[in-house]
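S.K.: In this text, residue positions in the sequence shown follow full-length UniProt numbering: the first is 1, and each later residue adds one.
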Amino acid sequence: MSGINEFIDNEVKTNDVVVFMKGTPQFPQCGFSGQVVQILDYLGVAYKGVNVLADDALRNGIKEYSNWPTIPQLYVKGEFVGGCDIIREMFQSSELQQHLTEKGVPVKAA
1 MSGINEFIDN EVKTNDVVVF MKGTPQFPQC GFSGQVVQIL DYLGVAYKGV
51 NVLADDALRN GIKEYSNWPT IPQLYVKGEF VGGCDIIREM FQSSELQQHL
101 TEKGVPVKAA
């Protein structure tokens, strides 16, 4: 299990924005992952998608890593931001855009 935690930790710390999701940004495998991808794409944010369906250990490991029970999970600059509902609410209130900007992640003007 420690190998998975190291992998997750490395992804979270070496990518400014990373989404652990079902499927890929090009082909999301669930509606919740698709919504997070749509929001990030709309904002023009550069991010990495990690497909948890590719590996059961990864799928379970990310839930333990964040202590969060659902997928997708968004991390910005090494910090867990939230899942689909939280990201959607933050986006609708412009809190997500503000958070990304404060962390130094470029966001295109809406």
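Glycine included, each C-beta is placed from N, C-alpha and C at the ideal position.
Would you check if the region 11-18 and the region 42-50 touch, i.e. whether three or more CB-CB distances between them fall below 8 Å?
M.R.: Because the criterion of three Cβ pairs below 8 Å is met, the region 42-50 and the region 11-18 touch.
S.K.: Below 8 Å, can you find three or more Cβ-Cβ pairs linking the region 28-46 to the region 67-76?
M.R.: Contact holds: three or more Cβ-Cβ distances are below 8 Å.
S.K.: Between G104 and the rest of its own chain, which residues show a CB-CB distance below 7 Å, the 5 nearest in sequence each way excluded?
M.R.: For G104, where only same-chain residues beyond five positions count, there are no Cβ hits under 7 Å.
S.K.: Would you call Y42 buried or exposed, if buried means 16 or more other Cβ atoms sit within 10 Å of its Cβ?
M.R.: It counts as exposed.
S.K.: Less than 8 Å between the beta carbons of N5 and G61, yes or no?
M.R.: Contact: yes.
S.K.: Runs of 3 residues minimum, wholly inside the region 63-91: which ones carry the beta strand (DSSP E) assignment?
M.R.: Listed in chain order, they are 73-76 and 79-82.
S.K.: Straight-line CA distance for L40 to Q29?
M.R.: Each residue's alpha carbon lies about 16 Å from the other.
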